[in-house]
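Keeping their order, the protein sequence lines are chains W and B.
The numbering used here puts the first residue of the first sequence at 1, with every later residue one more than the last.
The numbering used here puts the first residue of the second sequence at 1, with every later residue one more than the last.
C-beta atoms are modelled at their ideal positions from N, C-alpha and C, and glycine is treated no differently.
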Amino acid sequence: MTPRERNQLLHGTLDTLILKTLSHGPRHGYAIARWLEEETDEALRVEEGSLYPALYRMEKKGLLRSEWGVSELERRAKFYHLTRKGRARLEAEIEAWASFSGAVSRVLGTG
Amino acid sequence: MDPRIERPSLDREVEEELRFHVDMRVRELVGQGWSEDDARAEALRRLGDLDRVKARMRQQGRGREMKTTIGHLWDETRQNLAFAWRQLRRAPAFATTAVLTLAVAIGAGTAVFSVLNAVLLRPLPYPEPDRLSIVWTRYLPASGFDIEKFFLSVPEFYDIQEGVRGFERLGMWTNSTRTLTGDGAEAERVAVGLFSRDMFPVLGVTPLHGRWFTAEDDTPGAAPVIVLGHDLWQRRFGGDPQVVGTSLDVNGEATRVVGVMPGGFAFPGMAEAYLPLGIDRAAASGYGRGAHGWGAVGRRQAGVTQADLDAELTLIGDRWAQEFEHNVAHFAWAATLKADMLGDAPGILLSLSVAVGLVLLIGCANVANLLLARGERRHAEVAVRAALGAGAGRITRQLVTESLLLAAGGAVLGLALAYGGTRLLIAMDPGALPRLDQVQVDGTVLLFALAAAVATTLLFGVAPALLASRKVARSVAVAGSRSTGSRARSRLRRALVTGEVALGLVVVIVAGLMGRTMAALTAADPGLEVENVLTFTVSLPAASYPEDDEAPEDMGRMVESLRALPGVTAVAASSALPYSRSSSRWDFLLDDRPPREEGDQAWSAEIALVLPGYFEALGIPVLEGRGFTEADRADGAMVGIVSETMARTFWPGESAVGKRWAYPTGDSATTWITAVGVVPDQVNTRVDQAANPQVYLPAHQSGISAYGFPRTYQVAVRSPLGPETVNEAVRRAVADFDADLPLYDVTTLEETVTAAYADTRLVTTLLVLFAAIALVLAAVGIYGVVSYSVAGRTREIGIRVALGAGRHAVTRMIVGEGVRPVVLGLLLGLSGAWFARELVASLLFGVSENDPVTFTVLPLGLLLVGTAASLVPALRATRIAPTEALREE
Numbered sequence: 001m002t003p004r005e006r007n008q009l010l011h012g013t014l015d016t017l018i019l020k021t022l023s024h025g026p027r028h029g030y031a032i033a034r035w036l037e038e039e040t041d042e043a044l045r046v047e048e049g050s051l052y053p054a055l056y057r058m059e060k061k062g063l064l065r066s067e068w069g070v071s072e073l074e075r076r077a078k079f080y081h082l083t084r085k086g087r088a089r090l091e092a093e094i095e096a097w098a099s100f101s102g103a104v105s106r107v108l109g110t111g
Numbered sequence: 001m002d003p004r005i006e007r008p009s010l011d012r013e014v015e016e017e018l019r020f021h022v023d024m025r026v027r028e029l030v031g032q033g034w035s036e037d038d039a040r041a042e043a044l045r046r047l048g049d050l051d052r053v054k055a056r057m058r059q060q061g062r063g064r065e066m067k068t069t070i071g072h073l074w075d076e077t078r079q080n081l082a083f084a085w086r087q088l089r090r091a092p093a094f095a096t097t098a099v100l101t102l103a104v105a106i107g108a109g110t111a112v113f114s115v116l117n118a119v120l121l122r123p124l125p126y127p128e129p130d131r132l133s134i135v136w137t138r139y140l141p142a143s144g145f146d147i148e149k150f151f152l153s154v155p156e157f158y159d160i161q162e163g164v165r166g167f168e169r170l171g172m173w174t175n176s177t178r179t180l181t182g183d184g185a186e187a188e189r190v191a192v193g194l195f196s197r198d199m200f201p202v203l204g205v206t207p208l209h210g211r212w213f214t215a216e217d218d219t220p221g222a223a224p225v226i227v228l229g230h231d232l233w234q235r236r237f238g239g240d241p242q243v244v245g246t247s248l249d250v251n252g253e254a255t256r257v258v259g260v261m262p263g264g265f266a267f268p269g270m271a272e273a274y275l276p277l278g279i280d281r282a283a284a285s286g287y288g289r290g291a292h293g294w295g296a297v298g299r300r301q302a303g304v305t306q307a308d309l310d311a312e313l314t315l316i317g318d319r320w321a322q323e324f325e326h327n328v329a330h331f332a333w334a335a336t337l338k339a340d341m342l343g344d345a346p347g348i349l350l351s352l353s354v355a356v357g358l359v360l361l362i363g364c365a366n367v368a369n370l371l372l373a374r375g376e377r378r379h380a381e382v383a384v385r386a387a388l389g390a391g392a393g394r395i396t397r398q399l400v401t402e403s404l405l406l407a408a409g410g411a412v413l414g415l416a417l418a419y420g421g422t423r424l425l426i427a428m429d430p431g432a433l434p435r436l437d438q439v440q441v442d443g444t445v446l447l448f449a450l451a452a453a454v455a456t457t458l459l460f461g462v463a464p465a466l467l468a469s470r471k472v473a474r475s476v477a478v479a480g481s482r483s484t485g486s487r488a489r490s491r492l493r494r495a496l497v498t499g500e501v502a503l504g505l506v507v508v509i510v511a512g513l514m515g516r517t518m519a520a521l522t523a524a525d526p527g528l529e530v531e532n533v534l535t536f537t538v539s540l541p542a543a544s545y546p547e548d549d550e551a552p553e554d555m556g557r558m559v560e561s562l563r564a565l566p567g568v569t570a571v572a573a574s575s576a577l578p579y580s581r582s583s584s585r586w587d588f589l590l591d592d593r594p595p596r597e598e599g600d601q602a603w604s605a606e607i608a609l610v611l612p613g614y615f616e617a618l619g620i621p622v623l624e625g626r627g628f629t630e631a632d633r634a635d636g637a638m639v640g641i642v643s644e645t646m647a648r649t650f651w652p653g654e655s656a657v658g659k660r661w662a663y664p665t666g667d668s669a670t671t672w673i674t675a676v677g678v679v680p681d682q683v684n685t686r687v688d689q690a691a692n693p694q695v696y697l698p699a700h701q702s703g704i705s706a707y708g709f710p711r712t713y714q715v716a717v718r719s720p721l722g723p724e725t726v727n728e729a730v731r732r733a734v735a736d737f738d739a740d741l742p743l744y745d746v747t748t749l750e751e752t753v754t755a756a757y758a759d760t761r762l763v764t765t766l767l768v769l770f771a772a773i774a775l776v777l778a779a780v781g782i783y784g785v786v787s788y789s790v791a792g793r794t795r796e797i798g799i800r801v802a803l804g805a806g807r808h809a810v811t812r813m814i815v816g817e818g819v820r821p822v823v824l825g826l827l828l829g830l831s832g833a834w835f836a837r838e839l840v841a842s843l844l845f846g847v848s849e850n851d852p853v854t855f856t857v858l859p860l861g862l863l864l865v866g867t868a869a870s871l872v873p874a875l876r877a878t879r880i881a882p883t884e885a886l887r888e889e
């Protein structure tokens with residue numbers, strides 16, 4: 001995969017991954033970026049430039065909420081957490097992904 | 001996370017969030033051994049095009065902020081509504097009074113506006129209705145008549161049709177009645193319009209079925225055709241389109257149905273079917289220039305105004321005056337069809353609108369007063385909320401919400417009242433105003449109600465709310481004690497009372513003048529006994545009664561059979577009963593005068609052809625000479641009876657009995673008629689219309705004057721048992737006389753008299769109703785202000801009483817303070833009423849527009865109401881024990 005193709009694939013899944021990241025509890029933007037890097041072995045390296053607009057967009061849609069608080073290093077930081085709507089969206093995405101990837105795996109004979 | 005950290009502005013938020021990210025990344029990379037500068041460069045590189053990222057973040061963030069703001073507003077509104085609802089429920093007396101006051105004011109206003117809309121604003125049901133004009137003639141007093149609006153003669157019509165270029169087309173019409181038979185259904189007498197060929201193209205209405213008449217149909221001697229009106233078609237033919245092409249007997253003559261008009265087409269007013277007039281240019285010369293019985297409606301050329309038309313008609317009138325020596329002070333004039341149809345309605349509705357507008361204002365003033373008082377009472381509550389951190393804007397919004405809630409309640413209830421009110425108006429008398437039957441609360445009116453509600457809210461809701469919020473800051477400091485603004489506010493409240501009383505007095509005086517007018521109309525001596533008289537009209541068709549001069553004899557036999565009925569005491573029959581509005585006016589010559597010369601006043605009088613026993617049956621006294629007897633027949637001497645006005649006009653200062661007059665008949669020798677008696681003037685339309693000279697002739701002799709015997713009679717049957725009781729017997733007796741004779745216009749003389757005053761009664765009833773509302777509202781307003789001021793002064797009153805002031809003195813003081821704004825309002829109101837009386841001046845009868853009784857008794861009455869409204873709270877205050885009063889606060 002070229003980086004460009006990878007990014008396209010990522011774009012659709014970025015929202016889902018952010019939701020998943022926040023399902024463990026409130027985090028600030030940098031923590032979200034770090035978590036995505038570690039969990040995906042940097043295979044799905046987040047274009048950091050699209051992470052923050054995505055966070056703002058998702059907050060507008062009501063999937064996330066944010067508050068300013070104090071970080072673990074005693075600095076002012078903006079923390080995001082899931083709303084009830086966001087949590088429901090995550091569950092729906094997981095279910096859709098499971099059935100989609102299951103179907104693709106069966107067709108490819110890898111499942 | 002710490003909730004105390006406030007969210008920065010969007011721009012700063014974006015900057016700070018990205019700076020945090022970069023700093024954290026730099027820290028991580030430095031931990032991996034990068035140099036500080038390299039790490040920062042790498043962190044920024046990973047974020048990409050920073051300006052673009054920031055722009056996208058800000059764009060999304062703005063959308064988020066807007067959504068949040070709307071959400072907050074919605075939440076706040078919901079909270080405000082819920083809070084307002086709880087507040088209002090805690091003050092049910094206040095809420096009920098305010099909502100009811102608004103409902104009554106808005107309801108009355110909406111009802112009157114509904115009527116205004118249906119009667120005045122809605123266009124006539126014709127294409128381009130503004131281009132339609134109706135032509136009448138006028139007689140000025142110099143002509144011997146004083147008639148504002150009279151028909152044209154046929155030659156006059158053709159003069160106008162050919163001489164006036166402002167008309168694209170001009171049609172001629174007249175009213176008549178016809179008996180329908182020969183289609184299996186019961187014989188029926190219907191009002192018809194006789195229309196010239198041009199009438200329908202002028203009006204521009206296409207028949208629903210079939211066609212309109214052609215020029216050939218409207219030619220003397222053409223095969224008879226009829227076009228049915230929608231109501232008649234529904235009623236008699238069950239709305240069957242197949243009726244077009246069938247045949248119907250109209251006055252016994254087989255007539256083909258060629259068309260059906262659409263619903264809502266009603267010209268002239270009562271017509272139920274339309275027949276060709278059957279007059280053409282060639283036949284016009286057969287009609288006398290002095291025989292006025294035809295109307296004309298025309299469609300003006302595009303761009304021609306009513307004023308242009310008037311100018312052309314004036315020229316025609318000048319020509320008549322030069323060419324025809326008998327044409328004295330008689331000319332044609334025109335009005336738009338709508339203005340003509342509306343008649344007095346605009347004036348009547350204007351006075352009602354003004355009155356209802358004043359009621360609306362009074363209602364608003366009252367609610368404003370209530371809210372002001374409430375706002376002051378809630379002083380402490382507002383102060384506490386302000387102290388707890390509610391901003392002034394928030395508190396204002398809260399108070400406005402409460403006002404809006406009241407207004408909404410008032411509007412909804414008011415609309416219900418308006419709906420019921422208009423139904424009631426129509427039920428009261430649909431004939432009182434033109435098109436009153438079409439009144440309905442529609443979309444326009446709904447808008448009016450909403451506008452009224454919103455305007456009212458702005459007027460009474462925002463002002464007190466602003467006052468309340470302005471004192472918030474001050475009130476925090478001085479909570480618990482009276483703020484210095486209270487004197488200003490109490491002045492405002494007194495001013496509102498003054499205004500209310502002033503406006504109320506205007507409505508009350510106008511209503512008083514109309515009430516006295518109605519009383520005068522009711523009490524006026526109609527010159528005959530109207531009770532217990534059944535009236536109907538009957539026509540003897542030429543088909544069954546071929547001999548003209550035998551018609552009065554046949555009618556005489558019918559009258560005899562009615563007189564023989566048990567319970568019937570007397571029967572009168574005439575070509576025109578009093579109040580019938582259907583009178584003919586004939587010119588005559590006078591025996592004791594030289595022939596008229598050019599410029600002399602024309603001699604003429606209304607005429608009624610009557611059967612013997614007429615005056616006795618109607619209770620009309622013969623003042624001088626004698627009434628008619630059975631001896632006054634064709635072979636006897638020609639006699640007539642004249643009215644007092646006739647006698648006074650033509651033979652002033654001497655007895656009319658024995659004087660002679662004659663109706664010019666052209667070629668034959670003059671037949672002189674001798675006056676044998678004088679009777680009081682009879683009312684033809686209403687008692688407030690000036691009486692015209694009137695002449696009565698025996699029906700049996702009238703043919704000799706060459707004006708023809710009457711075939712249509714209005715019959716009055718007097719029975720002490722009451723008209724309803726003898727109704728059936730009368731119908732049977734007429735059926736026994738001739739089963740094919742339909743009775744029509746069956747009613748009672750009392751009802752006819754009552755109907756004549758329907759518009760005055762409607763205005764009077766509504767004005768009196770509005771006056772009553774205004775009075776109640778003013779009383780509530782005065783009571784509210786006085787009881788509020790007393791409640792705030794319990795302590796002061798207690799001290800006065802404790803110091804030995806007599807209860808009476810304190811009562812006098814409180815009442816005096818309450819009455820002062822009332823007296824000021826009465827003085828203002830008197831001057832207002834002085835102008836407002838012009839609104840009804842033209843409707844007044846039997847009472848001067850400066851009526852001293854109305855202008856003194858009603859203000860005194862209002863003063864009494866004001867005193868009583870102040871006295872109640874005053875008495876209550878002085879009854880409180882001083883010790884108790886001193887413990888207040």
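The alpha-carbon of residue 863/B is positioned some 59 Å away from that of residue 233/B. For residue 265/B, the three-state secondary structure derived from DSSP is coil. Between residue 19/W and residue 86/W, the CB-CB gap stays under 8 Å.
Around the Cβ of residue 570/B, a 10 Å sphere holds 16 or more other Cβ atoms; the residue is buried.
Annotation: the continuous alpha helix (DSSP H) that includes residue 342/B extends over 337-342. Assignment of residue 71/B by DSSP, reduced to helix, strand and coil, places it in the helix class. Using a Cβ-Cβ cut-off of 8 Å, residue 52/W counts as an interface residue toward chain B, since at least one Cβ of chain B sits closer than that to its own. Look at residue 24/W here: in three-state DSSP terms it is coil, with no helix or strand label. When DSSP reads this structure, residue 316/B sits in no beta bridge, so it has no partner.
Not a single C-beta of chain B is nearer than 8 Å to the C-beta of residue 80/W. Along the length of the segment 664-737 of chain B, whole alpha helix (DSSP H) runs at least 4 residues long occupy 699-702, 723-737, reported in chain order. Taking a C-beta distance under 8 Å as the contact criterion, residue 332/B and residue 137/B qualify as a contact pair.
Rounded to the nearest whole angstrom, the CA to CA distance from residue 849/B to residue 206/B is 48 Å. Short of 8 Å from the beta carbon of residue 693/B, and not among the five residues preceding or following it, lie these beta carbons of its own chain, in chain order: 604, 605, 606, 642, 643, 645, 646, 649, 650. The continuous beta strand (DSSP E) containing residue 249/B extends over residues 247-250. For the options 683/B, 609/B, 686/B, 684/B, the alpha carbon positioned closest to that of residue 712/B is the one of 609/B.
With respect to the 8 Å criterion, residue 174/B and residue 251/B are not classified as neighbours on the basis of their beta carbons. Within the segment 591-665 of chain B, the alpha helix (DSSP H) runs of at least 4 residues that lie entirely inside it are, in chain order, 614-618, 644-650. Secondary structure at residue 218/B: coil, using DSSP grouped into helix, strand and coil. Pairing residue 426/B with residue 413/B gives a Cβ-Cβ distance that is not under 8 Å. Apart from the 5 residues on each side of it in sequence, residue 590/B sits with its Cβ closer than 7 Å to the Cβ of 603, 650, 661 in its chain, given in chain order.
A direct Cα-Cα distance of roughly 20 Å separates residue 76/B from residue 7/B.
Here residue 149/B is exposed: its Cβ has fewer than 16 other Cβ atoms, across all protein chains shown, within 10 Å. Residue environment for residue 97/W: exposed (fewer than 16 other C-beta atoms within 10 angstroms of its C-beta). Taking 7 Å as the cut-off between beta carbons, the residues of the segment 35-69 of chain B near chain W are 46, 47, 48, 49, 53, 56, 57, 60, 61, 63, 64, 67, in sequence order. At least 8 Å separates the CB of residue 86/W from every CB of chain B. For the segment 61-73 of chain W, the residues whose beta carbon sits under 7 Å from a beta carbon of chain B are, in order, 67, 68, 69, 70. Nearest Cα to residue 164/B within the set 270/B, 92/B, 296/B: 296/B. For residue 286/B, no beta strand (DSSP E) run applies, since DSSP gives it neither H nor E.
For residue 48/W, the residues of chain B that pass the 8 Å Cβ criterion are 21, 46, 47, 48, in the order they occur in the chain.
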